[in-house]
Amino acid sequence: MAFSILPIIDLQTGQVQFTVQDRWYTRYIADPAHLERLITRSSRRPVFDPAAGELVVFVASAGQPDGRSLAFRLAKFPGTISLAKLRG
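Each step along the sequence shown adds one to the number in my numbering, with nothing skipped, and position 42 is 30.
(1) Going by beta carbon distance, what residues of the same chain come within less than 7 Å of Arg29, once the five residues before and after it are set aside?
(2) Which residue from Gln0, Gly41 and Thr1 puts its Cα closest to that of Ala(-10)?
(3) Taking 8 Å as the CB-CB cut-off, is Ile(-4) touching chain B?
(4) If the criterion is Cβ atoms closer than 8 Å, does the pair Arg33 and Ile(-4) meet it?
(5) How many angstroms separate the CA atom of Arg15 from the CA atom of Gln9?
(6) Can you give me the C-alpha to C-alpha distance between Glu24 and Gly51, rounded to a whole angstrom?
(7) How far does the alpha helix (DSSP H) with Arg29 in it extend, from its first residue to its last?
(8) Give the secondary structure of Pro53 by DSSP, where H, G and I count as helix, E and B as strand, and everything else as coil.
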């Protein structure tokens, strides 16, 4: 089941945040600027499929009133593990 969302995109880190049924999700994408550009041209709100881990954007195009669907696989990273180590 896919859910309509309104994502928050961090262009510096590639982090994408959104809520689905009152639960916050944090995922990552390699090219956040590309995703942002497509969302600004979308014909309706993107949808997220938790089972597939995909964000689907519907991009407006001639002859397709509902928009052409483009799926982005969002990566899941553990939030409690530090990616950098300090030597002291």
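Here a beta-carbon is modelled for each residue, glycine too, at the ideal position from N, C-alpha and C.
On the basis of the data shown:
(1) So the qualifying residues of the chain are Val47 and Ala48.
(2) Nearest of Gln0, Gly41 and Thr1 to Ala(-10), Cα basis: Gly41.
(3) No chain B is part of this structure, which consists of one protein chain only.
(4) Arg33 is not a Cβ neighbour of Ile(-4), given a cutoff of 8 Å.
(5) Rounded to the nearest angstrom, the two C-alpha atoms are 16 Å apart.
(6) So the alpha carbons of these two residues sit roughly 23 Å apart.
(7) Arg29 -> no alpha helix (DSSP H), and no H or E assigned at all.
(8) Strand, per DSSP.
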